[in-house]
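Peer 1: Structure incoming, see below.
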Amino acid sequence: METLYKRLFAGIYDPFTSSFEKEIYKYRKEILADVKGRVLEVGAGTGINFQFYNKNVQLIALEPSPFMRKRAELKIPEGLNVEFLTYKVNDEKLEDIIKEGTLDFIVSTLVLCSIDDPGKSLHKFYRWLKDDGKLIVLEHIHSEKPMNKKIQNVVNPVWKKLADGCNLNRNTDILIKENGFEVVKEHYFKSTLRFHSGIYKKSQKE
Ligand SMILES: C[S@@+](CC[C@H](N)C(=O)[O-])C[C@H]1O[C@@H](n2cnc3c(N)ncnc32)[C@H](O)[C@@H]1O
């Protein structure tokens, strides 16, 4: 049953997100423009970010769903090398592959809303990045409006089941800063939901 659901979710993902993707495209492009070196993309999904990478990045793409991966493989532009890993980001086996202080960039777009323990992941991101490494995030976050906030809280349990673990009511923008990162560049914007996008560096305080 779960396999069928995952297959269906991967199949409808691009058509379902196409309306707001038109609006958030420019933010993806902006935050990914200067990504270089050894890069980890967490939850690469159907590979929408691949088009924005410089061809010379050493890209590791984490994607646990085989149905998403299959679609992502079709979006790899000519000349871009992508190494796929099937682990979830908090899987301890990843620690054998990604050593501390070895990544130039970590990219997480529309994933921290779904990860079971995003604080744990952010802690790992901090460790895996080099001292001058950067975290790139685009995410939908909890509404600011009290009524919308309440609605999102009420709808969340059902939404989470339908949308492969996605939560409508996370304050990921705040969580990033609580886990050792500071802003290099950050935008807040509204589409169908409230979003933030940003480039973050390691705070030296940790
Ligand atoms: C909503 S999609 C976003 C895909 C893409 N990053 C984007 O911007 O459109 C979330 C993706 O993260 C993957 N995912 C969910 N939990 C994950 C985890 N714990 N570790 C790594 N990937 C995860 C899912 O399989 C899915 O492909």
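Just so we're aligned, residue 1334 is where the sequence shown starts under my numbering, counting upward by one.
Where a beta carbon is used, it is the ideal one built from N, C-alpha and C, also for glycine.
In this text, all values refer to a predicted model and were calculated from it rather than measured experimentally.
1) In chain order, what residues of the same chain lie with their CB nearer than 8 Å to the CB of Val1372, ignoring the 5 residues before and after it?
2) How is the alpha helix (DSSP H) around Asp1506 delimited, first residue to last?
3) Could you give the first and the last residue of the continuous beta strand (DSSP E) run that contains Lys1463?
4) Given 8 Å as the limit, is there contact between the segment 1507 to 1522 and the segment 1457 to 1472, that is, 3 or more CB pairs closer than that?
5) Mind checking which residues open and close the alpha helix (DSSP H) that includes Asp1347?
6) Assuming Lys1535 contacts Asp1464 under a Cβ cut-off of 8 Å, what Cβ separation, rounded to an integer in Å, is found between them?
7) Flag this pair as touching only if the segment 1420 to 1437 and the segment 1464 to 1477 have three or more C-beta atom pairs under 8 Å; answer yes or no.
8) Contact check, Ile1469 vs Val1375 under 8 Å by CB: the rounded distance?
9) Between the alpha carbons of Cys1499 and Gln1537, how many angstroms are there, rounded?
Peer 2: The relevant details are as follows:
1) Locating residue 1372 in the sequence shown gives position 39, counting from the first residue. The residues are Tyr1386, Val1390, Gln1391, Leu1392, Ile1393, Leu1436, Asp1437, Phe1438, Ile1439, Val1440.
2) Here residue 1506 corresponds to residue number 173 of the sequence shown, with the count starting at 1. Element bounds for Asp1506: 1505 to 1511.
3) For the purposes of this step, residue 1463 is identified with residue 130 of the sequence shown, where counting begins at 1. Annotation for Lys1463: the continuous beta strand (DSSP E) segment containing it runs 1462 to 1474.
4) A contact exists between the segment 1507 to 1522 and the segment 1457 to 1472.
5) In the sequence shown, counting from the first residue as 1, residue 1347 sits at position 14. Per DSSP, Asp1347 belongs to the alpha helix (DSSP H) from 1335 to 1365.
6) Position 202 of the sequence shown holds residue 1535. Position 131 of the sequence shown holds residue 1464. Right, their Cβ atoms sit about 6 Å apart.
7) yes
8) Residue 1469 sits at position 136 when you count from the first residue of the sequence shown. Residue 1375 sits at position 42 when you count from the first residue of the sequence shown. About 10 Å; that fails the 8 Å criterion.
9) Translated into the one-based positions of the sequence shown, residue 1499 becomes position 166. Translated into the one-based positions of the sequence shown, residue 1537 becomes position 204. If I take the Cα positions, the gap works out to 31 Å.
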